[in-house]
Amino acid sequence: MRIDFSEVPLKNRAFSEKPMSFVDEEPKTFLSAIIDVAAIETGNRTAREHWQHKQLQNLLEHAGQRSAFWRERIGAKKIKGISLSDLPILTRSDVVEQVETEGSLLPSKTIATSKHATSGSSGTPVQFFISEMNARYNQIRSVAQYFMEGCDLTLNNTVFKPSLRKRTEGGFVVEKSAGWLGPLNSLFQGGIYKKFSHSRPNRDLLFKELAKDPIGYLVIQPSLVESLFYDGDISFLYENGTEMFIPTGEAADRDLRDRFVAAGIPVRANYSSEEVGCLAIECSDCPENFHVAQSNVIIEVDNRDSVVVGSNRLGRVLVTHLHSYATPFVRYDIGDFATLSEGCGCGHDGLVLSNIYGRKKRLIKHSDGSVSRFTMGAGRILEIVKCDEYRIRQTALNTIEVEIGGTDQVSADQIAALKSLFKERAGDEFQIHINAVRSIDWGTDTKRLGFRSEVL
Ligand SMILES: [Zn+2]
Numbered sequence: 004m005r006i007d008f009s010e011v012p013l014k015n016r017a018f019s020e021k022p023m024s025f026v027d028e029e030p031k032t033f034l035s036a037i038i039d040v041a042a043i044e045t046g047n048r049t050a051r052e053h054w055q056h057k058q059l060q061n062l063l064e065h066a067g068q069r070s071a072f073w074r075e076r077i078g079a080k081k082i083k084g085i086s087l088s089d090l091p092i093l094t095r096s097d098v099v100e101q102v103e104t105e106g107s108l109l110p111s112k113t114i115a116t117s118k119h120a121t122s123g124s125s126g127t128p129v130q131f132f133i134s135e136m137n138a139r140y141n142q143i144r145s146v147a148q149y150f151m152e153g154c155d156l157t158l159n160n161t162v163f164k165p166s167l168r169k170r171t172e173g174g175f176v177v178e179k180s181a182g183w184l185g186p187l188n189s190l191f192q193g194g195i196y197k198k199f200s201h202s203r204p205n206r207d208l209l210f211k212e213l214a215k216d217p218i219g220y221l222v223i224q225p226s227l228v229e230s231l232f233y234d235g236d237i238s239f240l241y242e243n244g245t246e247m248f249i250p251t252g253e254a255a256d257r258d259l260r261d262r263f264v265a266a267g268i269p270v271r272a273n274y275s276s277e278e279v280g281c282l283a284i285e286c287s288d289c290p291e292n293f294h295v296a297q298s299n300v301i302i303e304v305d306n307r308d309s310v311v312v313g314s315n316r317l318g319r320v321l322v323t324h325l326h327s328y329a330t331p332f333v334r335y336d337i338g339d340f341a342t343l344s345e346g347c348g349c350g351h352d353g354l355v356l357s358n359i360y361g362r363k364k365r366l367i368k369h370s371d372g373s374v375s376r377f378t379m380g381a382g383r384i385l386e387i388v389k390c391d392e393y394r395i396r397q398t399a400l401n402t403i404e405v406e407i408g409g410t411d412q413v414s415a416d417q418i419a420a421l422k423s424l425f426k427e428r429a430g431d432e433f434q435i436h437i438n439a440v441r442s443i444d445w446g447t448d449t450k451r452l453g454f455r456s457e458v459l
């Protein structure tokens, strides 16, 4: 190991001006937390797994002391000798029950907690508590990734966040700040942080705003990229300094990824959830393989209830969040399917997830019980009908509901063309219902996924 700051953009006044000090407390604490994360996730596997085992015991001791719900799940088992497979799987409705009956398991005097909820479009969102430590960890983990990969800290970070706020003229609000490195902004001269909160952005106004600064790291929902660049031409992005595409909120389709790679822009997805934060991050050497964020979670894949997609057998992803002291998530069925391997082709000695498919994102269920991947780029829909937004939902085994937003009327020819496009992609067995609406009622669904199956 060689620690050397000669290549790092240290600020001229990076160091402390106080007596007997080197680096001020806040950036020092943050930097040391980044080193913790990197040491656990990239270091010796036995040390990592021992740490995880001890953290699991700590969490179970805490849950057993504070919660009747968890005492019952742990039962008569001795926590010292417990292994995860001794515990039952935790479902969404189990979490709802625990939170409703017991609230947060952290006394408010010890560490601050706050209530959060998932943004499911159907049914009741799952509510849960997170602690201040979880919020801090999420910030550290997201910055740590850039250090672990040796990324250029001087590039800008351009982030898109869906927002339910009232629409502005351009359909977005932009906020710019001096850095994206959190407390390390005082130590390093990083690029700017530019955040777009958007509902339905106006393409011309958005491009005008984007062209003002080099884009750098682009964190964006793939469906938004597809709708902005429906003709498939992403030259605007590389001409304006996009150095990395970081898809967020949903998986990017193969052809979208290929377009970026062909333009010389690497794609680096991350897999995360609102309940637990970072789950896994795409390998920089082996695309579509995700190193598990083992400083945060233990991942299991349960193959007893598996589905076959293409030539891959995928199991249910079970997540144990090691720092979930407010609302424990232990063996939580997060609703996604994936395959789990013991190592990565890049040489990383740790668990790797691949073929990750979200239950409600990109899989469609057929009446014979089989499951297949459903993809529909915005470009194909926009070729048929000019619209601002769309939502596709599988609402029953043989039914797909399509809403076309921002247009008053869809002609009979357009309906026929859309129906045949959907039948070609999903299968002839489906009844396709097409509805034109002024604007789509997304409810609390901030992810605004183009497609969801409500059947799986
Ligand atoms: Zn790897």
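To convert, note that position 240 of the sequence shown is 243 in our numbering; the numbers rise steadily by one, no gaps.
Even glycine gets a Cβ: it sits at the ideal position worked out from N, Cα and C.
Quantities reported herein were computed from a predicted structural model and do not represent experimental measurements.
Listed in chain order, the non-local C-beta contacts of residue 316 below 8 Å within the same chain comprise 306, 309, 310 and 342, local neighbours out to five positions each way being set aside. A straight-line Cα-Cα distance of about 15 Å links residue 119 and residue 275.
Counting along the chain, the unbroken alpha helix (DSSP H) around residue 225 starts and ends at 225 to 231. Look at residue 259 here: in three-state DSSP terms it is helix. Excluding five sequence positions before and after residue 395, the CB atoms of its chain that fall closer than 7 Å to its own CB belong to 379, 403, 405, 453 and 454, given in chain order. Here residue 306 carries a strand assignment [DSSP, helix/strand/coil]. Residue 223 sits away from residue 293, with the two beta carbons spaced by 8 Å or more. Rounded to the nearest whole angstrom, the CA to CA distance from residue 425 to residue 338 is 25 Å. Under the DSSP assignment, residue 436 falls in the beta strand (DSSP E) whose first and last residues are 434 to 440. In the same chain as residue 417, and ignoring 5 residues on each side of it, the C-beta atoms closer than 7 Å to its own belong to 387 and 388, in chain order.
In the three-state scheme derived from DSSP, where H, G and I count as helix and E and B as strand, residue 379 is classed as coil. Taking 7 Å as the cut-off, one finds at least one heavy atom of ligand 1 near enough to the beta carbon of residue 292. Taking 8 Å as the cut-off, the Cβ atoms of residue 193 and residue 245 do not count as close. If one requires a minimum length of 3 residues, the beta strand (DSSP E) runs lying completely within the stretch 161 to 243 are 175 to 180, 196 to 201 and 219 to 223, in chain order. A contact between stretches requires three or more CB pairs, one per stretch, nearer than 8 Å, and the stretch 62 to 71 meets this requirement with the stretch 103 to 117.
A check of alpha carbon separations from residue 322 across 266, 298 and 20 identifies 298 as the nearest. Beta-bridge pairing by DSSP links residue 137 to no other residue.
Just so you know, the alpha carbons of residue 39 and residue 408 end up roughly 47 Å apart. Ligand 1 never approaches residue 281 closely enough for any of its heavy atoms to be under 7 Å from the residue's Cβ. Going by C-alpha positions, residue 351 is about 19 Å away from residue 304. Annotated as distal: residue 301 and residue 356, with beta-carbon spacing of 8 Å or more. For the options 332, 175, 431 and 133, the alpha carbon positioned closest to that of residue 117 is the one of 133. Within the chosen limit of 7 Å, ligand 1 reaches the beta carbon of residue 289 through at least one heavy atom.
Residue 247 sits buried, since 16 or more C-beta atoms from the chains shown fall within 10 Å of its C-beta. By the neighbour-count criterion, in which 16 or more other beta carbons inside 10 Å mark a residue as buried, residue 32 falls on the exposed side.
Contact between residue 44 and residue 296 holds: CB atoms are separated by about 7 Å, below the 8 Å threshold.
Annotated as proximal: residue 235 and residue 262, with beta-carbon spacing under 8 Å.
DSSP places residue 8 outside any beta strand (DSSP E), giving it a letter other than H or E.
At a Cβ-Cβ threshold of 8 Å, residue 328 and residue 62 count as neighbours.
For the pair residue 201 and residue 165, the CB atoms are nearer than the 8 Å cut-off. CA-CA distance, residue 443 to residue 391, rounds to 10 Å. Across the set 210, 436 and 181, the C-alpha of 210 shows the shortest separation from the C-alpha of residue 237. Counting only residues of its own chain and dropping the five nearest sequence neighbours on each side, residue 335 has a CB closer than 6 Å to the CB of 93 and 322. Here residue 179 is exposed, its C-beta having fewer than 16 other C-beta atoms within 10 Å.
When DSSP reads this structure, residue 336 sits in a beta bridge with 321. Taking 8 Å as the cut-off, the Cβ atoms of residue 195 and residue 159 count as close.
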